[in-house]
Amino acid sequence: MSKSDLMRLVAFFLLATGLSNCALRQSQQVQRQPQIQRQQVKQWATKAQVLLNDDQPVDAAIYALAAVGLSQASSSVELPDSPQFALIEGSLLTVANMDNLEQDQLLHESALTSIAYSPDGRLIVTSSKDKKVRLWDANTGDLIEQPFQGHESGVISAAYAPDGQRIVSGSRDGTVRLWDAKTEQPIGQPLRGHEDMVTSVAFSPDGQQIASGSTDKTVRLWNANTSQSIGQPLRLQNLRGTTDVTVVFSPDGELSISGIQGGQLRYWDTETGNLIDLPGGSLQDQIPKRTSFVFSVDGQRSAVGNPDNTVQISYPKPYYRYLNNPLIGHKNTVTSLAFRPNGQQVASGSRDRTVRIWNVKPSDSFQGHEDGINSVVFSPDGQRIASGSVDSTVRLWDANTGDAIGQPLIGHEDMVTSVAFSPDGQRIVSGSRDKTVRLWDANTGNPIGLPLEGHAYQVNSVAFSPDGQRIVSGSLDKTMRLWDAKTGNPIGKPFQGHEDGLISVAFSPDGKHIASGSADKTVRLWDANTGNPIGEPLQGHENGVYSVAFSPDGQRIVSGSWDSTLRLWNANTGNPIGKPLRGHESSVISVAFSPDGERIVSGGSWDYAVRLWDAQTGNPIGEPLRGHEAPVYSVAFSPDGQRIVSGSWDKTVRLWDVSWKNSIEVICSQLRDHPKLNQRPSLNPPPVDVAREAKKTCDNQMN
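All the letters of the sequence shown, read from the start, carry residue numbers -23 to -1, 1 to 680 under mature numbering (1 follows the signal peptide of the UniProt record, and there is no 0).
#1: Curious, which full-length alpha helix (DSSP H) runs of at least 4 residues does the segment 378 to 407 contain?
#2: State the DSSP-derived secondary structure class of S4, mapped to helix, strand or coil.
#3: Should V354 and S325 be called a contact, given that it needs their Cβ atoms to be closer than 9 Å?
#4: Alpha carbons only, please: which of D401, P428, N420 and T421 is nearest the one belonging to S407?
#5: I'd like the list of long-range same chain contacts for K455, defined as Cβ closer than 8 Å, with 5 residues on each side in sequence excluded.
#6: Beta-carbon separation of H518 and D487 under 9 Å?
#7: With a threshold of 9 Å between beta carbons, is K308 in contact with chain C?
#8: Suppose you measure from the CA of P385 to the CA of T370; what does that come to, to the nearest Å?
#9: Are the beta-carbon atoms of S528 and V522 separated by less than 9 Å?
#10: Please work out which residues of its chain come closer than 7 Å, Cβ to Cβ, to P124, disregarding the five sequence neighbours upstream and downstream, and give them in chain order.
#11: Return the Cβ separation of A483 and V439 in integer angstroms, given the expectation that the two are a contact with Cβ distance under 8 Å.
#12: Rounded C-beta distance between L543 and S567? I'm assuming under 8 Å.
#13: In the DSSP assignment, what are the bridge partners of N466?
#14: Indicate whether A115 and G141 have their beta-carbon atoms separated by less than 9 Å.
#15: When the Cα atoms are used, what is the spatial distance from G359 to S233?
#16: Among R458, W21, G320 and Y94, whose alpha-carbon lies nearest the alpha-carbon of S313?
#17: Classify N251 as helix, strand or coil using the three-state DSSP reduction.
#18: Which runs of the beta strand (DSSP E) at least 3 residues long sit entirely within the segment 582 to 624? Give them in chain order.
#19: Would you kindly work out how many angstroms separate the C-alpha atoms of D411 and T90, rounded to a whole number?
#20: Measuring CA to CA, which of V449, D375, G531 and V323 is closest to G345?
#21: Compare the beta carbon distance of L198 and S206 with 9 Å and say whether it is the shorter of the two.
#22: Which class does R169 belong to by DSSP, given the choice of helix, strand or coil?
#23: Any idea what DSSP makes of G208, helix, strand or coil?
#24: Measure the C-alpha to C-alpha separation of E231 and H651 and round it to an integer number of angstroms.
#25: With DSSP collapsed to three states, give me the class of R669.
#26: By how many angstroms is the C-alpha of N319 removed from the C-alpha of W633?
#27: Run through the DSSP bridge pairs and tell me what Q186 is partnered with.
#28: On the DSSP bridge list, what partners appear for A179?
#29: Going by DSSP, which residues form a beta bridge with P572?
#30: How should N466 be labelled, buried or exposed, when 16 other C-beta atoms within 10 angstroms of its C-beta is the threshold for buried?
#31: Among N283, P303, S177 and V224, whose alpha-carbon lies nearest the alpha-carbon of E600?
#32: Hey, quick one: how far does the beta strand (DSSP E) through D358 stretch, first residue to last?
#33: State the beta-bridge partners of L232 as determined by DSSP.
#34: Classify P663 as buried or exposed, calling it buried when 16 or more other Cβ atoms lie within 10 Å of its own Cβ.
#35: Sort out for me which residues DSSP pairs D157 with in a bridge.
#36: Just the Cα atoms here: how many angstroms apart are Q16 and S582?
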């Protein structure tokens, strides 16, 4: 992420609270407030924007929080529910978190070389070229006691023992040292054997062995209790130059040997020392150059340091897809990374001599389907989620806990392509590749009546009418059908007009019209009563239309296409509104309007991303929401617009909180002890009145 990206995210925070560019929403009540209060809010909001432009997001957040607090106290602005504030969690939050640890101080006298968490996540150990090993409080950033000293040259790597009682370090002086983590005293004599600098050290999970890697092209094992060498050193083949060899033990005790050679991540066989040829080519063909690399404790995620001094989180398997946008803040090369044991934070050490803590908690995910998910939807009360899967089942989930409700709804003979709740939330309709439509009791999970049959090919999309009396289905047989939702009987003849299969159908809010999207690249409007097409096909997409949705007021239609774009249409005239919405790197499979009609959410296939858009301007809102490991096939807003649900072929359902009210709690929890918020000694603190108002905002929010 570039500096401008970060500034845009913080700007979204101001926008979400009604403060961006001092764009206060003046109501009659606002006009009655004292002019001085309105001016103060504007002044602080403007100052926040200036600080943002000066790359001071923490100070900008404090001014913005102060403005929000004063505006709420004086009722001088209306605070809309908006996703932008939530999107700041990955950037502003982590910046606040980083500064909470960094606090403008140099952690070492020379460049940092490694960083690691204690097993309980409460402490951080760092090493540096200043020959020292240091301990820090992971929550406050405070230095703990004095540095560990004894190495005769720069320390390249340090790691905790699994029980947290010992620390091992490797140095440019070619030695490995053991330290008592409590007394900071060395344990025994240095472990000697390497002929060049030691670039990596690690304890085995049982704490009985230590592995060390060196630029002498060997990996050695040591007895952690006797400090004796175990067996002969493993000599690495095809190791060029001064590659930093990294050794890591997996939770089951298996040793992994890797190195960044020429900017590329390489692996060596732990038995033979030979370079490993990975299936599908070496990793250098799959992932970009990086300066540092680490796996999470469970091995499910990895963190990488990029040449541009940023940090990114990714799923290492199977495609090294990034989970987030680059995290910016370091001013020099990122040399070391470590996951906190809980997996929710990553610490990074840099040649800029600072340590930064990043919040990388993933979104909530629900697991239970045995195959990919094609469709997700919220119940009308927002308390449940229904999902339809390639495993031929429909599942219900508690939208608050993520727990599965009851057993899977079984009945379809092939994959479920689409699901929808009735307006009263009592029934669920599903469409399937088995050519049928089925109705289910949403409370018991029992099927209602017999399958609705009539389509010649798979049913791709189903929807209830707003009054719950009818069901519409769209099929690959190029037709739409209407069904009586009570009897299951077909209503009238099939709607015909598309030249290729239908992929998506939607009722207008008043139930008078139906929109359809087709593989023939068009969107069509239909009279829901007569079945007659309304006007000419809506043309503009360059490939099949995979999803259509009406705005809540029925005046607009949004469509998503295999051509990687979204388009907005005037529902009355059929004319396109503005230019195509571009941002997805692959086909757009699903689209939906927010309940207030102000935002649009879209799910992309091979970019694995969920995106938010401003429904008025067509501009993207923030960065993509990432977390899925496979194509996203369905997205939907909760009825209150506070959450988004997404379903993916990675077999999971994910929830994304896009409410600024929820995120302000998290941000305040991170800023609560920050010296600038509490007027403790710091560089250039905000004025007392600003900090006091911001703190009051957080106190009110957290209590």
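Glycine included, each C-beta is placed from N, C-alpha and C at the ideal position.
A quick note: this is a predicted structure, and the numbers were derived from the prediction, not measured.
So, to answer that:
#1: none
#2: With a pLDDT of 32 at S4, under the threshold of 50, the predicted position of this residue should be treated as unreliable, though the coordinate-derived value follows. S4 falls in the coil class under three-state DSSP.
#3: no
#4: P428
#5: Q473, H475, E476, D477, G478, L479 and S495
#6: no
#7: The question asks about chain C, but that chain is absent: this structure has only one protein chain.
#8: 6 Å
#9: no
#10: K109, V110 and R111
#11: That belief does not hold up - the Cβ atoms of A483 and V439 are roughly 10 Å apart, past 8 Å.
#12: 10 Å between Cβ atoms; not a contact.
#13: None, per the DSSP bridge assignment.
#14: no
#15: 46 Å
#16: Y94
#17: coil
#18: 586 to 591 and 609 to 614
#19: 58 Å
#20: D375
#21: yes
#22: coil
#23: strand
#24: 41 Å
#25: helix
#26: 20 Å
#27: N200
#28: A188
#29: Note: P572 sits in no beta bridge, so no partner.
#30: exposed
#31: P303
#32: That residue, D358, is in no beta strand (DSSP E); it is neither H nor E in DSSP.
#33: F226
#34: buried
#35: R143
#36: 47 Å
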